[in-house]
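Using my numbering, read the sequence shown as starting at 132 and increasing by one per residue.
Where is the CB? At the ideal position from N, CA and C, for every residue including glycine.
Being a predicted model, the structure only gives us computed values, none of them experimental.
In what follows, a structure is listed as structure tokens, so that the remarks can point back to it.
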Amino acid sequence: MASSGVSIGIDLGTTCLRVGMWVNNDVHFLTSDCKSPLFVAFTDTERLVGGAAEHQATTNVHNTVFGITRLLGRKFSDPQVQQNLKRWPFKVVGGPNNESHVVVQFMGETKTCRPVELLAILLADVRKRVEPLGRTVKNAVVTVPVSFNCSQRQAVKDAAAVAGLNVVRLISGSTAAAIAHGLENKTKAGQRNLLVLDLGGGTLDVSLVAIEQEIYEVLATAGDPHLGGEDFDGRLVEHCAAEFKRVHHKDLQTNARAMMRLRLTCEQAKRVLFILESVEKHIEIDALHEGIDFQTTIMRAQFEALCADSFDMILLSVQQVLSDASVLRSKVIK
Numbered sequence: 132m133a134s135s136g137v138s139i140g141i142d143l144g145t146t147c148l149r150v151g152m153w154v155n156n157d158v159h160f161l162t163s164d165c166k167s168p169l170f171v172a173f174t175d176t177e178r179l180v181g182g183a184a185e186h187q188a189t190t191n192v193h194n195t196v197f198g199i200t201r202l203l204g205r206k207f208s209d210p211q212v213q214q215n216l217k218r219w220p221f222k223v224v225g226g227p228n229n230e231s232h233v234v235v236q237f238m239g240e241t242k243t244c245r246p247v248e249l250l251a252i253l254l255a256d257v258r259k260r261v262e263p264l265g266r267t268v269k270n271a272v273v274t275v276p277v278s279f280n281c282s283q284r285q286a287v288k289d290a291a292a293v294a295g296l297n298v299v300r301l302i303s304g305s306t307a308a309a310i311a312h313g314l315e316n317k318t319k320a321g322q323r324n325l326l327v328l329d330l331g332g333g334t335l336d337v338s339l340v341a342i343e344q345e346i347y348e349v350l351a352t353a354g355d356p357h358l359g360g361e362d363f364d365g366r367l368v369e370h371c372a373a374e375f376k377r378v379h380h381k382d383l384q385t386n387a388r389a390m391m392r393l394r395l396t397c398e399q400a401k402r403v404l405f406i407l408e409s410v411e412k413h414i415e416i417d418a419l420h421e422g423i424d425f426q427t428t429i430m431r432a433q434f435e436a437l438c439a440d441s442f443d444m445i446l447l448s449v450q451q452v453l454s455d456a457s458v459l460r461s462k463v464i465k
């Protein structure tokens with residue numbers, strides 16, 4: 132049973148989390164930009180979370196942890212964990228029962244953290260930032276990828292419990308979006324079929340939801356638990372690293388700090404090319420590796436070619452949802 136106290140909504144993604152509260156018939160977000168990076172960092176003097184952790188990532192690469200939800204509920208031997216290890220600068224090892232554990236240096240000592248502990252640190256920070264507003268927070272509704280299995284969902288609940296939060300319900304992000312749409316369009320009569328495509332930092336969720344009055348029925352779901360914005364970043368990183376090696380005959384893969392700097396720069400470039408739909412983006416990083424500056428220009432058409440197979444997967448997921456639900460595109464209102 133849910134305990135008493137104010138409830139918050141937490142949109143738990145791969146790269147960031149968003150926190151909102153229902154106040155005076157409107158949603159109020161916790162931060163001005165509506166999201167907090169899913170980063171936890173450990174230094175010689177303190178533990179940092181969110182934006183503060185992300186901002187120092189390039190100078191503390193081995194002790195700054197991100198992509199936490201890609202570890203939740205997964206064994207160390209999981210092929211996806213092993214694949215991610217190739218691009219993560221922090222250390223992940225196999226613990227008891229083949230669990231994934233993160234190893235960092237904190238205040239001069241070696242510290243081993245379970246993914247549940249790391250997520251709990253972030254959720255506890257959420258509570259700490261909300262409660263000074265004069266509201267005691269005890270309950271939360273949390274969105275998770277539709278592909279999350281029972282182990283991953285339980286890991287989210289366990290992390291919330293450690294942070295002092297009672298999870299009232301876990302729902303998929305695409306279902307939450309459909310509910311929000313229904314609340315904003317209550318006056319429309321008859322059944323409406325709504326297609327929701329949620330492309331996050333690490334996962335793709337596609338749902339077809341039928342809405343009639345205040346009844347929501349999920350007709351079909353599809354997606355990819357390993358396709359998201361981080362994967363687009365990765366394509367740009369691979370391209371730029373190959374370009375650096377071609378021009379300077381140096382391998383960036385041997386320099387964790389250089390790869391982190393390149394990844395953060397490529398993330399910004401992706402936003403310009405993909406979200407703002409710019410024709411091109413110039414990338415320039417001073418002294419990237421062994422004192423060598425790096426410059427290149429990425430055209431939007433070039434970016435689309437690098438990610439073409441991922442874009443095809445998005446379209447296939449949409450087609451799969453429509454096919455599974457036996458619904459024509461013309462019957463989808465939005």
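Tell whether a beta-carbon distance below 8 Å holds between I302 and V272. yes
Short Cβ contact (8 Å threshold) for L328 with A294: no
How about the segment 426–443 and the segment 356–376: do they share at least three Cβ pairs that are nearer than 8 Å? yes
C-alpha gap between D157 and V463, whole angstroms: 27 Å
Decide if S231 is buried, meaning its Cβ has at least 16 other Cβ atoms within 10 Å, or exposed. buried
Beta-carbon proximity list for G229, same chain, < 7 Å, skipping 5 on both sides: In the sequence as presented, Gly is not what sits at residue 229; that position holds Asn. Cβ neighbours of N229 beyond the five flanking positions: K206, F207 and S208.
Integer-rounded CB distance, given that A400 should sit under 8 Å from Q423: In the sequence as displayed, the identity of residue 423 is Ile instead of Gln. Not confirmed; about 19 Å, so no contact.
So with Cβ pairs under 8 Å, would you call V293 a contact of chain B? In the structure shown, chain B cannot be found, because there is only a single protein chain.
Taking 8 Å as the cut-off, does the segment 441–456 touch the segment 347–363 (at least 3 CB pairs, one atom from each stretch)? yes
Candidates V261, Y347, E185 and Q187, of which the one nearest N270 by Cα: V261
For V171, collect the residues of the same chain with a Cβ closer than 6 Å to its Cβ; drop the 5 residues on either side in sequence, then sort them by chain order. V180, A184, V196, L249 and I252
If you measure between the beta carbons of G144 and G365, is that distance less than 8 Å? no
According to the Cβ coordinates, are V452 and A341 closer than 8 Å? no
DSSP beta-bridge partners of S441: S441 pairs with nothing; no bridge assigned.
Within the same chain, show all residues whose beta-carbon is closer than 8 Å to that of Y347, passing over the 5 residues directly before and after it, in chain order. T306, A309, I310, G313, V340 and A341
H232 lies in the alpha helix (DSSP H); which residues open and close that run? H232 -> not in any alpha helix (DSSP H); beta strand (DSSP E) instead, spanning S231 to F237.
Beta-carbon proximity of V257 to I416, cut-off 8 Å: no
Determine the burial state of R201: buried for a count of at least 16 other Cβ atoms within 10 Å of its Cβ, exposed for fewer. buried
Would you report the Cα separation of S134 and E315, rounded to the nearest angstrom? Only weak support exists for where S134 lies, its pLDDT of 48 falling under 50; the coordinates are left without a value.
Which residue spans inside the segment 362–420 form an unbroken alpha helix (DSSP H) run of at least 4? 387–401
Could you pull the DSSP bridge partners for G140 from this structure? G151 and V272
Can you tell me whether V449 is buried or exposed, with buried defined as 16 or more other CB within 10 angstroms of its CB? buried
By Cβ distance, which residues of its chain are closer than 8 Å to I199, with the 5 residues on each side in sequence left out? L169, V171, P246, L249, L250 and L253
Continuous alpha helix (DSSP H) assignments of at least 4 residues falling wholly in the segment 158–197: 181–186
For the alpha helix (DSSP H) holding T306, just list the boundary residues, first then last. G304 to E315
With DSSP run on the structure shown, which of helix, strand or coil describes A133? Below a pLDDT of 50, predicted positions are generally treated as unreliable, and A133, at 46, falls in that range; the measurement from the model is reported next regardless. A133: coil per DSSP, three-state reduction.
I'd like to know whether the C-beta atoms of V337 and G354 end up nearer to each other than 8 Å. yes
Going by CA-CA distance only, name the one from A188, K242 and L148 that's closest to T396. A188
Using a 10 Å radius around the Cβ and a threshold of 16 neighbouring Cβ atoms, would you call P276 buried or exposed? buried
N- and C-terminal bounds of the alpha helix (DSSP H) containing K222: Segment K222 to G225 is the beta strand (DSSP E) holding K222; no alpha helix (DSSP H) there.
For T382, collect the residues of the same chain with a Cβ closer than 7 Å to its Cβ; drop the 5 residues on either side in sequence, then sort them by chain order. Reading off the sequence, residue 382 comes out as Asp, not Thr. Within the same chain, D382 has close Cβ partners K376.
If you reduce the DSSP assignment to three classes, tell me which class Q426 lands in. strand
Residues near M391 by beta carbon distance below 7 Å, same chain, minus five either side: A188, T189, V192 and P220
How many whole angstroms separate the CB atoms of V233 and K222, which I take to be in contact at a CB cut-off of 8 Å? 7 Å
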